[in-house]
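*Asks:*
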Amino acid sequence: MKKLKAETLLFLRCTANSYSQVFFSDNLVFAVLLIMVTFFDAFAGFCGLLSVLITNLLARALHFHPETIRKGLLGFNSLLVGLGLGIYFGPGWLFFLILVLASVFTLFISMSLQGVIGKYGLPALSMPFILSLWLVFLATRDFTALGISDRGIYTLNDLYLIGGNRLVALYEWWNSLAIPESLRTYFISLGAIFFQYSVLSGIMIAMGLLYFSRIAFSLSLLGFYAAYLFYHIIGADLNSFNYSYIGFNYILTSIAIGGFFLIPSRASYLWTLFLIPLVAIITISLNKIFLVFGLSIYALPFNLIVLLFLYVLKFRTRVSEGLREVWVQYNQPEKNLYTFINESDRFRYLQYFPFKLPFWGEWTVSQGHDGEYTHKDEWKHAWDFVIQGNDGKTYKKEGENLEDYHCFNKSVTAPGEGVVEEVVDDVHDNPVGEVNLKQNWGNTIVIRHKDGLYSKLSHLKKESATVKPGDRVKEGQVIARVGNSGRSPYPHLHFQLQTTPYIGSATLDYPISYFIRNTGNGYCFCMHQKPARDWQVSNIQLNPLLQKSFRLIPGQHIRCEYTHNHLPHSEEWEINADAYNKSYIHCRETGAKAYFHNDGSLFYFTHYQGKRSGLLYYIYLSFYKIPLGFYKNLKIDDSYPVHFLFSRTQLFLQDFLAPFFMFLGTRYTLEYLEQDDDMSPGSISLKALITTRFLRQPLKRIPVDITLETGGVYRLEIKAKKDKIRATCTVF
131 MKKLKAETLL FLRCTANSYS QVFFSDNLVF AVLLIMVTFF DAFAGFCGLL
181 SVLITNLLAR ALHFHPETIR KGLLGFNSLL VGLGLGIYFG PGWLFFLILV
231 LASVFTLFIS MSLQGVIGKY GLPALSMPFI LSLWLVFLAT RDFTALGISD
281 RGIYTLNDLY LIGGNRLVAL YEWWNSLAIP ESLRTYFISL GAIFFQYSVL
331 SGIMIAMGLL YFSRIAFSLS LLGFYAAYLF YHIIGADLNS FNYSYIGFNY
381 ILTSIAIGGF FLIPSRASYL WTLFLIPLVA IITISLNKIF LVFGLSIYAL
431 PFNLIVLLFL YVLKFRTRVS EGLREVWVQY NQPEKNLYTF INESDRFRYL
481 QYFPFKLPFW GEWTVSQGHD GEYTHKDEWK HAWDFVIQGN DGKTYKKEGE
531 NLEDYHCFNK SVTAPGEGVV EEVVDDVHDN PVGEVNLKQN WGNTIVIRHK
581 DGLYSKLSHL KKESATVKPG DRVKEGQVIA RVGNSGRSPY PHLHFQLQTT
631 PYIGSATLDY PISYFIRNTG NGYCFCMHQK PARDWQVSNI QLNPLLQKSF
681 RLIPGQHIRC EYTHNHLPHS EEWEINADAY NKSYIHCRET GAKAYFHNDG
731 SLFYFTHYQG KRSGLLYYIY LSFYKIPLGF YKNLKIDDSY PVHFLFSRTQ
781 LFLQDFLAPF FMFLGTRYTL EYLEQDDDMS PGSISLKALI TTRFLRQPLK
831 RIPVDITLET GGVYRLEIKA KKDKIRATCT VF
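What follows is the structure, encoded as structure tokens:
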């Protein structure tokens with residue numbers, strides 16, 4: 131029974147999405163509004179719905195990808211075909227046979243185009259609808275038994291059957307509104323997308339578009355009025371019968387280029403303004419060509435320009451800051467933009483190889499990038515590391531012997547996984563104060579981490595290398611010991627990254643993934659930074675309790691007992707992984723999902739799907755980023771996508787301005803408070819602070835007290851304004 135209910139809901143959703151997908155949306159409210167608009171002509175609306183049902187049922191029967199069906203990507207073209215046929219022809223058995231055949235044919239074209247142009251990362255758009263409707267219209271000219279519809283003459287009769295006198299009166303009132311002619315044409319153009327040529331249908335669609343996306347709504351106006359201005363300049367009239375019915379080409383082009391396939395930005399808006407005149411030229415020219423065959427061009431100009439522009443962008447050698455394609459599609463321009471802004475900051479270094487510091491414990495940078503001694507010119511992006519004692523010196527006694535130096539003979543570890551490329555291990559260590567200029571680098575190990583990326587560790591101790599060329603090494607594996615060979619007057623470790631495998635290669639400016647810096651007044655978590663001179667740095671010293679608490683493995687479950695505003699609740703979540711091996715916590719009761727990643731040193735959430743309430747939502751906010759080492763009073767900062775913390779109403783104005791200026795912001799802060807035992811902790815206390823901001827000034831703060839205990843137990847106390855939650859979660 132549950133499975134049947136789930137299947138039914140899924141099918142209803144994919145049916146609704148087939149309507150909203152015309153505007154690149156999966157918003158249910160918008161979809162319902164569009165369904166209502168299509169039924170202004172009851173028979174056409176029925177034909178459109180029937181075409182969607184036929185297409186989606188056949189797609190499921192043929193086992194096409196469920197997600198493609200759910201999103202309405204196969205149904206929306208059939209919807210438009212059904213509406214077009216329903217408007218033009220009258221009912222009859224032959225008509226319904228043609229409707230079924232046209233729906234099936236449209237599905238075949240949709241899937242074929244996905245295979246043909248989809249491999250180039252291009253969408254099929256509404257080309258299946260155009261091709262299918264053209265072929266059917268051309269063929270049916272010889273179908274003498276097929277009746278042409280005259281229902282358009284009696285539109286008011288159709289409306290009376292649906293809603294009586296009230297609907298008829300409403301329809302006439304809206305159509306007789308005293309509004310500027312350009313705005314009337316804008317509304318008619320919107321309605322024409324669904325073959326409804328009335329002001330009321332356009333107004334309803336515009337309202338739905340505004341509800342769905344402020345960016346899409348503003349782009350629809352921008353595109354239409356840019357075309358309106360261009361027509362005025364060239365002396366044509368967009369208000370004329372022919373052009374107003376195909377004015378939606380400018381609207382759809384603007385939404386597609388300005389806010390859907392590209393991240394909304396100044397550049398995407400400017401390109402929209404530039405492309406609209408091209409759409410107008412193509413519209414005018416193609417209209418003259420296809421009138422010869424008695425065919426409408428429908429959305430052909432929109433399809434040609436959008437596909438051409440997206441295809442051209444594939445050949446860029448460098449992606450510009452302002453013109454970026456959407457890689458993860460959230461079916462709303464605002465979500466695409468806010469997620470991009472957040473992730474371009476949070477994950478901007480994901481393309482970098484995760485290097486760690488090549489040693490254990492805390493060391494000091496004696497010479498950093500652009501160093502004053504030897505790190506010059508092509509070799510300026512390197513580090514020299516030493517160990518300082520409590521007295522600030524790098525040696526004990528007088529420092530006359532190599533053994534006096536704290537770092538001498540200390541373990542050198544691989545900074546990342548890779549294959550040993552070259553090893554020099556037979557250079558004698560220099561006495562303190564002397565250097566070997568002939569064998570400048572001394573004993574050295576070069577490791578290849580990936581093509582074009584190598585690390586080099588030099589001045590190693592003679593015959594201390596534990597690896598040989600061709601050996602595969604793991605991150606943190608001991609590969610040698612610190613010495614004083616080569617151009618090294620005192621023991622230290624030279625570390626650099628480079629693009630070629632040679633010992634004398636030039637250096638590469640490249641960050642260390644994460645490390646801890648001891649400032650003297652506390653600890654600082656550094657992420658993808660380059661240590662500077664005199665910094666005291668170390669890799670994250672992993673805490674066993676933090677490691678166990680956040681080692682979440684697919685197949686595990688989390689039992690949650692909590693009170694929400696003093697009302698008791700209980701939930702059980704499960705840890706799963708999707709087809710792309712992305713791990714997430716899933717709450718079956720609410721359907722919410724919180725995606726996370728654990729790289730062994732850092733746990734962080736990457737995305738959340740579901741309602742902006744409930745315990746899993748606050749878990750996502752509270753455990754947003756957690757290094758797996760405990761350092762008392764350490765503070766971690768990050769930010770959330772703004773649409774996760776602000777309501778739709780609060781974001782209304784920001785949505786319009788977001789492509790140009792962000793005045794709303796968020797902040798996540800985590801502070802490490804206490805642990806009961808430094809060696810074997812059984813309890814750790816943390817405090818998270820979730821903050822919304824206006825022009826960088828705090829608006830609202832949500833404090834969260836967190837206690838982690840052995841046995842995979844999390845205790846949280848969340849003190850939001852409307853949500854007071856006390857929770858105990860146990861992993862099992």
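Counting with our numbering, you get residues 131 to 862 for the letters of the sequence shown.
Built from N, CA and C at the ideal position, the CB exists for glycine as well.
How many Å lie between residue 374 and residue 317 at the Cα?
*Replies:* A caution first: residue 374 carries a pLDDT of 49, below 50, which makes its placement in the model unreliable, though a value can still be read off. Their Cα atoms are separated by approximately 9 Å.
*Asks:* Per DSSP, residue 828 is paired with what?
*Replies:* Its beta-bridge partners are 823.
*Asks:* Specify, as a first and last residue, the run of the alpha helix (DSSP H) that residue 859 falls within.
*Replies:* First-last for residue 859: 854 to 861, but that is the beta strand (DSSP E), not the alpha helix (DSSP H).
*Asks:* Determine the closest residue to residue 646 out of 494, 770, 848, with distance taken between C-alpha atoms.
*Replies:* Out of 494, 770, 848, 494 has the C-alpha closest to the C-alpha of residue 646.
*Asks:* Where does residue 362 sit, in a helix, a strand or coil, going by DSSP?
*Replies:* It is helical.
*Asks:* Return helix, strand or coil for residue 395, following the three-state DSSP convention.
*Replies:* Residue 395: coil per DSSP, three-state reduction.
*Asks:* Among 380, 576, 196, 342, which has the Cα closest to the Cα of residue 103?
*Replies:* No answer is possible for residue 103: the residues shown for the chain start at 131 and end at 862.
*Asks:* Rank 222, 442, 673 by C-alpha distance to the C-alpha of residue 177 and give the top, closest one.
*Replies:* Out of 222, 442, 673, 222 has the C-alpha closest to the C-alpha of residue 177.
*Asks:* CA-CA distance, residue 737 and residue 848?
*Replies:* About 20 Å.
*Asks:* Should residue 587 and residue 625 be called a contact, given that it needs their Cβ atoms to be closer than 7 Å?
*Replies:* Taking 7 Å as the Cβ cut-off, residue 587 and residue 625 qualify as a contacting pair.
*Asks:* Residue range of the beta strand (DSSP E) that residue 728 falls in?
*Replies:* Residues 723 to 728.
*Asks:* Note the first and the last residue of the continuous alpha helix (DSSP H) segment covering residue 445.
*Replies:* Run containing residue 445: none; DSSP gives neither H nor E here.
*Asks:* Per DSSP, residue 818 is paired with what?
*Replies:* Answer by DSSP bridge pairing, in chain order: 800, 834.
*Asks:* Span of the alpha helix (DSSP H) holding residue 789?
*Replies:* Here residue 789 belongs to no alpha helix (DSSP H), and DSSP marks it neither H nor E.
*Asks:* Could you give the residue range of the beta strand (DSSP E) that holds residue 690?
*Replies:* Start and end: 687 to 694.
*Asks:* On a Cα-Cα basis, can you pick out the residue from 391, 430, 520 that is closest to residue 410?
*Replies:* If we check each option's Cα against that of residue 410, 430 comes out closest.
*Asks:* Would you call residue 315 buried or exposed, if buried means 16 or more other Cβ atoms sit within 10 Å of its Cβ?
*Replies:* The residue in question, residue 315, is buried, as its Cβ has 16 or more Cβ neighbours within 10 Å.
*Asks:* For residue 397, which residues of its own chain have a beta-carbon under 6 Å away from its beta-carbon, when the five flanking residues on both sides are left out?
*Replies:* Taken in chain order, the residues that qualify are 452, 453.
*Asks:* I need the straight-line Cα distance from residue 528 to residue 763, nearest angstrom please.
*Replies:* For residue 528 and residue 763, the distance between alpha carbons rounds to 37 Å.
*Asks:* Who are the Cβ neighbours of residue 482 in its own chain at under 8 Å, not counting the five residues just before and after it?
*Replies:* Answer for residue 482: 640, 641, 643, 658, listed in chain order.
*Asks:* Within 10 angstroms of its Cβ, does residue 364 collect 16 or more other Cβ (buried), or is it exposed?
*Replies:* Result: exposed.
*Asks:* What first and last residue would you give for the alpha helix (DSSP H) that runs through residue 169?
*Replies:* Here residue 169 belongs to no alpha helix (DSSP H), and DSSP marks it neither H nor E.
*Asks:* Please work out which residues of its chain come closer than 6 Å, Cβ to Cβ, to residue 845, disregarding the five sequence neighbours upstream and downstream, and give them in chain order.
*Replies:* So the list reads 837, 858, once near-sequence residues are dropped.
*Asks:* Could I get the ranges of all uninterrupted beta strand (DSSP E) runs contained in the stretch 569 to 612, with 3 residues as the minimum, in chain order?
*Replies:* The qualifying runs are 573 to 580, 583 to 590, 608 to 611.
*Asks:* Going by C-alpha distance, which of 173, 319, 148 is nearest residue 162?
*Replies:* That would be 148, whose Cα lies nearest to the Cα of residue 162.
*Asks:* Using the Cα positions of residue 329 and residue 339, report the straight-line distance between them to the nearest angstrom.
*Replies:* Rounded to the nearest angstrom, the two C-alpha atoms are 15 Å apart.
*Asks:* Tell me, which residues are paired with residue 647 by DSSP?
*Replies:* Residue 647 is bridged to 654, 667.
*Asks:* Can you find at least 3 beta carbon pairs, one from the stretch 655 to 671 and one from the stretch 609 to 616, that sit closer than 8 Å?
*Replies:* No contact exists between the stretch 655 to 671 and the stretch 609 to 616.
*Asks:* Please report how far the alpha carbon of residue 554 lies from the alpha carbon of residue 195, in whole angstroms.
*Replies:* Distance between the alpha carbons of residue 554 and residue 195 is about 55 Å.
*Asks:* Could you round the C-beta distance between residue 242 and residue 185 to whole angstroms and report it? I think they count as a contact, below 8 Å.
*Replies:* In fact, because the Cβ distance is near 14 Å, the residues do not count as touching under 8 Å.
*Asks:* Can you give me the C-alpha to C-alpha distance between residue 740 and residue 716, rounded to a whole angstrom?
*Replies:* Cα to Cα, residue 740 sits roughly 10 Å from residue 716.
*Asks:* Are the C-beta atoms of residue 411 and some chain C residue less than 7 Å apart?
*Replies:* Included in the structure is just one protein chain, with no chain C present.
*Asks:* Measuring alpha carbon to alpha carbon, tell me which of 780, 407, 412, 384 ends up nearest residue 399.
*Replies:* The shortest Cα separation from residue 399 among 780, 407, 412, 384 belongs to 384.
*Asks:* How about residue 878 and residue 168: are their beta carbons less than 7 Å apart?
*Replies:* Only positions 131 to 862 of the chain appear in the structure, and residue 878 is not among them; the question remains open.
*Asks:* In its own chain, which residues sit with a C-beta less than 7 Å from the C-beta of residue 209, not counting the 5 before and 5 after it?
*Replies:* 148, 149, 178, 181, 182, listed in sequence order.
*Asks:* Note the first and the last residue of the continuous alpha helix (DSSP H) segment covering residue 240.
*Replies:* Counting along the chain, the alpha helix (DSSP H) containing residue 240 begins and ends at 223 to 246.
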